[in-house]
Amino acid sequence: MVINNVPLEQYLACVAVSEMSSACPSVFLEVQSITARSWILAATEKKHAELGIDACNDDCCQRYQGLGQLNQVSKKTVENSRGMVMIHENKICDARYSKSCGG
Numbered sequence: 001m002v003i004n005n006v007p008l009e010q011y012l013a014c015v016a017v018s019e020m021s022s023a024c025p026s027v028f029l030e031v032q033s034i035t036a037r038s039w040i041l042a043a044t045e046k047k048h049a050e051l052g053i054d055a056c057n058d059d060c061c062q063r064y065q066g067l068g069q070l071n072q073v074s075k076k077t078v079e080n081s082r083g084m085v086m087i088h089e090n091k092i093c094d095a096r097y098s099k100s101c102g103g
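Numbering of the sequence shown is given in the UniProt record's numbering, commencing with residue 1 and proceeding in unit increments.
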């Protein structure tokens, strides 16, 4: 197993453009970043604890295609939403989403 230790904001910038096109309006990518940040922070150390990792690169976590996905658009949209998370009942919301639900 190869483990890629990535700072949260870089990870989110890669997830944003892996889940959506970097050609999307920046506000869409900012919302995606907030949702992805909420999900990963709410689920950290739960899903793959037995492997010693917080998240994998498969769709069961969030689509992460590596640091090669980083670009100026994704970095800027993540920076614009830095620290923002979704809250429900005073806890970070486990904001699961699906890129495609088949309908």
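Ideal Cβ positions, reconstructed from N, Cα and C, are used throughout, including at glycine.
Being a predicted model, the structure only gives us computed values, none of them experimental.
Any non-hydrogen atom of the ligand ADP closer than 6 Å to residue i Cβ
{"i": "residue 18", "result": "The ligand ADP is not among the ligands present in this structure, which contains no ligands whatsoever."}
Best match in the options for proximity to residue i [C-alpha to C-alpha]
{"i": "residue 62", "options": "52, 42 and 87", "result": "42"}
{"i": "residue 97", "options": "31, 79 and 78", "result": "31"}
{"i": "residue 82", "options": "94, 51 and 29", "result": "29"}
{"i": "residue 8", "options": "19, 33 and 94", "result": "33"}
{"i": "residue 1", "options": "53, 74 and 20", "result": "53"}
{"i": "residue 21", "options": "80, 79 and 73", "result": "73"}
Identity of the residues DSSP links to residue i by a beta bridge
{"i": "residue 91", "result": "88"}
Anticipated Cβ contact below 8 Å, residue i with residue j, distance rounded
{"i": "residue 92", "j": "residue 38", "result": "6 Å"}
{"i": "residue 55", "j": "residue 40", "result": "6 Å"}
{"i": "residue 86", "j": "residue 44", "result": "The Cβ separation is near 15 Å, so there is no contact."}
{"i": "residue 26", "j": "residue 77", "result": "5 Å"}
Would you call the region 11–27 in contact with the region 62–82, where contact means no fewer than 3 C-beta pairs closer than 8 Å?
Result yes; three or more Cβ-Cβ pairs closer than 8 Å.
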